[in-house]
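In terms of this note's numbering, the sequence shown opens at residue 673 and continues consecutively.
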Amino acid sequence: MKMNFIVDLKGVKDKQDLIKRFVDTLKLPNEPDWQWNWDAFNDYFRNLDTDSKIIRESDPIPQEIHLVIKNIWDVARYSKDEYCN
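Structure, rendered in structure tokens:
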């Protein structure tokens, strides 16, 4: 089984907005004290089978996950420093 996800970055405002779009699409934990940084996102992203509600609750668990990112160039409007830290 495979799952397909589409993350649309059209109009992304900043790093927090960028990460939130992935979190929302992949149904990752979004606690009030969630750290909106790359380290926290990386931890969740590397453990999609346990951290993503939509994947965890799938029956059967998908063997492939396809991620499509739309409008990636909208991110380029912001400083590289914002996305590298």
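Each residue gets a CB set at the ideal place from its N, CA and C atoms; glycine is no exception.
So who's on the other strand from LEU739, going by DSSP bridges?
As a position in the sequence shown, residue 739 is number 67, starting the count at 1. For LEU739, which the question treats as bridged, DSSP gives the partners PHE677.
Residues near VAL740 by beta carbon distance below 8 Å, same chain, minus five either side
Along the sequence shown, read from residue 1 onward, the residue named residue 740 stands at position 68. So the list reads ASN676, PHE677, ILE678, VAL679, once near-sequence residues are dropped.
Can you list, in chain order, the residues of its chain whose CB lies under 6 Å from that of LEU700, leaving out five sequence neighbours each side?
The residue labelled residue 700 in the question sits at position 28 within the sequence shown. TYR716, ASP723, SER724, listed in sequence order.
Just the Cα atoms here: how many angstroms apart are ASN709 and MET673?
As a working note, residue 709 is residue 37 in the sequence shown. As a working note, residue 673 is residue 1 in the sequence shown. Cα to Cα, ASN709 sits roughly 31 Å from MET673.
Looking at the secondary structure, which residues open and close the alpha helix (DSSP H) in which ARG718 lies?
The count along the sequence shown starts at 1 and reaches residue 718 at position 46. Where ARG718 is concerned, there is no enclosing alpha helix (DSSP H), given that its DSSP letter is neither H nor E.
Close beta carbons around PHE694, own chain, < 8 Å, minus the five adjacent residues each side:
Locating residue 694 in the sequence shown gives position 22, counting from the first residue. Correct list, in chain order: VAL679, LEU700, PHE713, PHE717.
In whole angstroms, what is the alpha-carbon distance linking ASN719 and THR697?
One-based indexing of the sequence shown puts residue 719 at position 47. One-based indexing of the sequence shown puts residue 697 at position 25. Distance between the alpha carbons of ASN719 and THR697: 15 Å.
C-alpha distance - ILE733 paired with ASN702, whole-angstrom precision:
Stepping through the sequence shown from its first residue, residue 733 is reached at position 61. Stepping through the sequence shown from its first residue, residue 702 is reached at position 30. Whole-angstrom Cα-Cα distance: 22 Å.
Under three-state DSSP, which class holds LYS685?
For the purposes of this step, residue 685 is taken as residue 13 along the sequence shown, with counting starting at 1. In the structure shown, LYS685 sits in coil (DSSP, three-state: anything other than H, G, I, E or B).
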